[in-house]
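The sequence shown begins at 1 in full-length UniProt numbering and counts up by one.
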Amino acid sequence: MGGLECTSHWGIRSADPGRTRHGPREDLPRHPHDHAFAAVVLSGGYVEAGDTGRHAVEAGDVLLHRAWESHLDRFDARGAEVLVLPIADRDTTPLIGRVADPDTIARLAERDRTEAARRLLAELAPRPAPSADWPDMLAQALRDDPDLSLALWADRLGLHPGSISRGFRQVFGVTPVAFRLVQRTRQALGALQISAAPLSAIAYDCGFADQAHMSRAVRGLTNATPTALRRAAGMAS
């Protein structure tokens, strides 16, 4: 199932709480995380490109990640020091923001990570979105409408479909088709948390060909079946 490119659970990375240092020009290939967390940039800078778009961040910026999000990271010539704090999925809005004093948050985290996360979320200010290039525009369009026709979208911008596939992959680490599948899979994950509808109905509503297709996509991303995830969320099987 080629559409599951770069979504396999074998690529899961651990976002261990605490400070993490990354070297100059370090690249982290596209990977998912199995829990929600905040990444507070303490120094340096990098570009992250993933399921929520492309974000250039530096000291004071904060990225909030939902469970099972995938992204790649490209660090600049300074490298970066990042503070990782576990948070709940419900606290991952806004996706990106700024905090006035990240060092105070980091010092507090050395004593009490839960309190540091609470203070971070209380002080987080949304950051204005920068101007977007066409790969960012396509990522947003696919998040808004996973059924989007790539050929029609390319035609409207005067781009060749083959060019958008190559260019998008250079930025996000996956093709637009694979990115589309991730968006559908994330929709299904959200529905499994709150809906008691039959799995076949969720698959249809999320744009999958059938329940089996959805099950393969969900398992490829999370290493768990839809039934197991639903049970873990306390929903009826």
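Cβ atoms here follow ideal geometry from the backbone N, Cα and C, with glycine treated the same way. Bear in mind the structure is a predicted one, so any value in this text is a computation, not a measurement.
Cβ pair residue i, residue j closer than 8 Å
| i | j | result |
| --- | --- | --- |
| CYS206 | GLN187 | yes |
| PRO44 | ALA15 | The sequence given here places Gly at residue 44; Pro does not occur at that position. Contact: no. |
| ALA106 | LEU42 | yes |
| LEU85 | ALA116 | yes |
DSSP bridge partner residues for residue i (one or two, in chain order)
| i | result |
| --- | --- |
| HIS65 | PHE37 |
| VAL47 | ALA56, ARG74 |
| ALA28 | The sequence given here places Leu at residue 28; Ala does not occur at that position. Paired residue(s): ASP73. |
| GLU81 | ARG21, SER43 |
| GLY158 | None; GLY158 has no bridge partner. |
| ALA125 | ARG98 |
| PRO146 | According to DSSP, which records beta bridges pairwise, PRO146 is partnered with nothing at all. |
| PRO86 | PHE37 |
Chain-order list of residues whose beta-carbon lies under 8 Å from that of residue i (same chain, five-residue window excluded)
| i | result |
| --- | --- |
| THR225 | SER215, VAL218, ARG219 |
| ASP89 | ALA36, ARG66, ALA67 |
Residue i versus residue j: straight-line alpha-carbon distance, rounded
| i | j | result |
| --- | --- | --- |
| residue 238 | ASP112 | Outside the modelled stretch of the chain, which goes from 1 to 237, sits residue 238, for which no answer is possible. |
| LEU95 | ASP136 | 15 Å |
| ARG19 | GLN183 | 30 Å |
| ALA23 | PHE75 | Just to set this straight, residue 23 is Gly in the shown sequence, not Ala. Approximately 7 Å between the Cα atoms of the pair. |
| THR52 | PHE168 | 14 Å |
| residue 241 | LEU108 | Since the first residue of the chain shown is 1 and the last is 237, residue 241 is not available in this structure. |
| GLU123 | ARG230 | 33 Å |
| LEU121 | ASP91 | 8 Å |
| ALA232 | ALA178 | 27 Å |
| GLN211 | THR114 | 39 Å |
| PRO17 | ASP103 | 16 Å |
| ARG25 | LEU159 | 30 Å |
| THR93 | LEU83 | 18 Å |
| SER163 | LEU138 | 13 Å |
| ILE87 | ASP155 | 41 Å |
Cβ neighbours of residue i in the same chain (closer than 7 Å, five flanking residues each side left out)
| i | result |
| --- | --- |
| ARG143 | GLN183 |
| HIS71 | ARG30, GLU48, ALA49, GLY50, ASP51 |
| ASP147 | GLY207 |
| LEU157 | TRP134 |
| ALA141 | LEU148, TRP153 |
| ARG180 | LEU142, PRO146 |
Other residues of its chain near residue i: CB distance less than 6 Å, five sequence neighbours each side excluded
| i | result |
| --- | --- |
| THR222 | TRP68 |
| ARG98 | GLY60, ASP61, ALA125, ARG127 |
Closer than 7 Å: residue i CB and nearest the ligand ADP heavy atom
| i | result |
| --- | --- |
| VAL57 | For the ligand ADP, the structure offers nothing, since it holds no ligand at all. |
Touching or not, the stretch 157 to 175 and the stretch 191 to 205, by the rule of three or more beta carbon pairs under 8 Å? Too few Cβ pairs lie closer than 8 Å, so no.
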